[in-house]
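*Asks:* Here it is, the structure, as structure tokens.
Residue numbers (the working numbering): 52 to 261.
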């Protein structure tokens, strides 16, 4: 792989599903409070996370244009999954996704996943925004600019829509998001006994005066 190449970001398609699942599952397998809360054991995480991601991709993110990939040498090395501004998930996708997610996640995982969704809903801005759910790159490619390239593409699209951009993150990642222009606007606990997370938010850039 060319060590000097810069990541190229594009909108994801259904053909990217396998690569997105691989990258995100590996990136969040360990040291992530949310994934460890939803699937406490590593064995369960490795078994259930890929199936969960496939359902979420098929019925939550891809139908609303909420998935992007980063490529190096035409290989998917990073991915972002998010809810774009003013998105609306088709009702039939919502109806189909529920039973499929329960099968993929199991009863306990589904309950904890619902607590994660509820926590995100509590801190989501009322004004137009892009809510980032997953941002990850392939292991061994940290510090290659993959995450920043994905974030930069989201920031550009959010600015064009006059929308803020953010999501929830653990304490260790606050400095990373501050460097990308975010502020911590709120803290939220997931469920009754889950992790406490930070809601970070980047306001839309003001348009240049004409």
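Ideal Cβ placement from N, Cα and C applies to all residues, glycine included.
What whole-angstrom Cβ distance do residue 231 and residue 195 have, given they're in contact under 8 Å?
*Replies:* About 16 Å; that fails the 8 Å criterion.
*Asks:* Do you know how far the Cα of residue 109 is from the Cα of residue 63?
*Replies:* Taking the straight line from one Cα to the other gives about 11 Å.
*Asks:* Does the beta-carbon of residue 93 have 16 or more other beta-carbons within 10 angstroms, so that it is buried, or is it exposed?
*Replies:* It counts as exposed.
*Asks:* Would you mind working out which of 73, 72, 71, 100 sits nearest residue 267, comparing C-alpha positions?
*Replies:* Given a span of 52 to 261 for the chain in the structure shown, any question on residue 267 remains unanswerable.
*Asks:* Excluding five sequence neighbours on each side, which residues of the same chain lie with their C-beta closer than 7 Å to the C-beta of residue 214?
*Replies:* Excluding sequence neighbours, residue 214 sits near 136, 179, 180, 181, 255.
*Asks:* Is the segment 163 to 180 close to the segment 209 to 225, with three or more CB pairs under 8 Å?
*Replies:* Yes: the two stretches touch, three or more of their Cβ pairs being nearer than 8 Å.
*Asks:* On the DSSP letters alone, give me the boundaries of the beta strand (DSSP E) that residue 219 sits inside.
*Replies:* Residues 215 to 220.
*Asks:* Buried or exposed for residue 163, please, with buried defined as at least 16 other CB atoms from any protein chain shown within 10 angstroms of its CB.
*Replies:* Per the 10 Å Cβ criterion, buried.
*Asks:* Any chance the segment 219 to 229 sits against the segment 239 to 250, with 3 or more Cβ pairs inside 8 Å?
*Replies:* Cβ pair count under 8 Å is three or more, so yes.
*Asks:* Excluding sequence positions up to five away, which residues of its chain have a Cβ less than 7 Å from the Cβ of residue 133?
*Replies:* Closer than 7 Å at the Cβ level, and outside the excluded window around residue 133, lie 117, 181, 182, 183, 184, 205.
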